[in-house]
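Under the numbering used here, the first residue of the sequence shown carries the number 66, and numbering increases by one thereafter. Using N, Cα and C, we set each Cβ at its ideal position, and we do this for glycine too. Owing to the predicted nature of the structure, the values given are computational and were not obtained by experimental measurement.
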Amino acid sequence: MRPVRTTVNRVLLALVGIVLLVLGGSVLAVGLGAPAPSWWIHHGRRDVLLSDAERTRWRDTGWWWPVVLAALAVLLLLALWWLAAVLRRRRLGEILVDTGDGEGAVLRGRALESALADEAGRPDGVERARVRLTGRRRAPRSRVRLVLAPDLDPATALHDLTTGPLAHAREAAGLAALPAEVRLKGVRHRPERVT
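Here it is in structure tokens:
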């Protein structure tokens with residue numbers, strides 16, 4: 066389903082881009098003095114977007130301008146929603162595991178995230194661990210966030226994570242590599258008094 070969504074996004078972006086390019090190029094060309102095309106709504110450089118007659122034509126009907134503004138607001142909200150949906154990093158739903166016999170198995174992404182987070186949160190000094198898988202089904206990537214106690218060395222926590230949970234997950238899923246982006250954060254604590 067993801068390739069279909071990607072194709073639809075690309076086609077819609079291409080269509081919107083072509084329409085905007087044609088309209089913007091036409092406005093620029095007419096503004097620079099080129100003859101206006103036959104389909105263009107204005108006929109010269111001095112034409113305005115809305116003449117007085119066009120602007121005041123619907124003045125007596127009180128519903129016109131609120132409807133126009135509401136439609137433009139809806140279009141803006143839809144465009145922002147689309148942009149957010151395209152830019153949002155999605156979770157990996159499943160991982161394809163090579164079983165070695167020519168067949169494959171599917172591992173749920175959330176199950177691996179949960180197992181990784183549980184194992185990463187076990188060592189002393191790790192207060193919380195969150196894991197998110199991104200990437201492709203055959204080449205997943207992990208994003209790990211660890212909240213560390215004040216007395217835990219970050220280098221030790223990173224070494225324990227890479228040699229423990231990440232290595233176990235890579236071996237269990239039969240992956241050649243499991244790249245990880247790790248973010249370490251310390252727990253807020255009160256300063257200790259030294260005497």
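Sub-8 Å separation of R208 and R201 beta-carbons: For the purposes of this step, residue 208 is taken as residue 143 along the sequence shown, with counting starting at 1. For the purposes of this step, residue 201 is taken as residue 136 along the sequence shown, with counting starting at 1. The answer is no: Cβ separation not under 8 Å.
Sequence-distant residues of its chain with Cβ nearer than 7 Å to V12 (five each side left out): Outside the modelled stretch of the chain, which goes from 66 to 260, sits residue 12, for which no answer is possible.
I160 burial status per 10 Å Cβ neighbour count (16 or more: buried): Here residue 160 is taken as the residue at index 95 of the sequence shown, counted from 1. Counting Cβ neighbours within 10 Å, I160 comes out buried, since at least 16 surround it.
CB contact flag (P205, L249, <8 Å): Numbered from 1 along the sequence shown, position 140 holds the residue referred to as residue 205. Numbered from 1 along the sequence shown, position 184 holds the residue referred to as residue 249. Taking 8 Å as the Cβ cut-off, P205 and L249 do not qualify as a contacting pair.
Ordered list of beta strand (DSSP E) runs contained in the region 186 to 232, each at least 3 residues: 191 to 200, 205 to 213
M66 to R187 span [Cα, whole Å]: Mapped onto the sequence shown, residue 66 falls at position 1. Mapped onto the sequence shown, residue 187 falls at position 122. Note that M66 scores a pLDDT of 44, beneath 50, so its modelled location is shaky and nothing firm can be said.
Assigned secondary structure, L161 (DSSP; H/G/I helix, E/B strand, else coil): Mapped onto the sequence shown, residue 161 falls at position 96. Three-state DSSP puts L161 in a strand.
Spatially closest choice to D166 from E246, G239, V84, by CA coordinates: As a first step, residue 166 is located in the sequence shown; it is residue number 101 there, counting from the start. It is G239.
Backbone CA spacing between R153 and R175 [nearest angstrom]: For the purposes of this step, residue 153 is identified with residue 88 of the sequence shown, where counting begins at 1. For the purposes of this step, residue 175 is identified with residue 110 of the sequence shown, where counting begins at 1. So the two alpha carbons sit approximately 18 Å from each other.
The beta strand (DSSP E) enclosing R248, as first and last residue numbers: On the sequence shown, residue 248 is found 183 positions in, with the first residue counted as 1. From DSSP, the beta strand (DSSP E) with R248 extends over 245 to 251.
Close-in-space but distant-in-sequence residues of the same chain around R193 (CB under 7 Å, 5 per side omitted): Translated into the one-based positions of the sequence shown, residue 193 becomes position 128. Only G186, V212 meet the Cβ criterion.
Boundaries of the alpha helix (DSSP H) in which L134 is found, first to last residue: Your numbering for residue 134 matches position 69 in the sequence shown. Residues 129 to 152.
Secondary structure of L172, DSSP reduced to three states: Sequence index remark: in the sequence shown, residue 172 carries index 107 (1-based). Reduced to three states, the DSSP call for L172 is strand.
Residue from R195, V84, S103, D112 whose Cα sits closest to the Cα of L97: Counting from one through the sequence shown, the residue named residue 97 turns up at place 32. Per the Cα distances, D112.
Under 8 Å between C-beta atoms of L177 and A232: Position 112 of the sequence shown holds residue 177. Position 167 of the sequence shown holds residue 232. Cβ atoms of L177 and A232: not closer than 8 Å.
Proximity of G190 and L217 at Cβ, strictly below 8 Å: Residue mapping note: residue 190 aligns to position 125 of the sequence shown, counting from 1. Residue mapping note: residue 217 aligns to position 152 of the sequence shown, counting from 1. Yes, the pair counts as a contact, with Cβ atoms nearer than the cut-off.
Close beta carbons around P269, own chain, < 6 Å, minus the five adjacent residues each side: Because the chain here runs from 66 to 260, residue 269 falls outside it and cannot be looked at.
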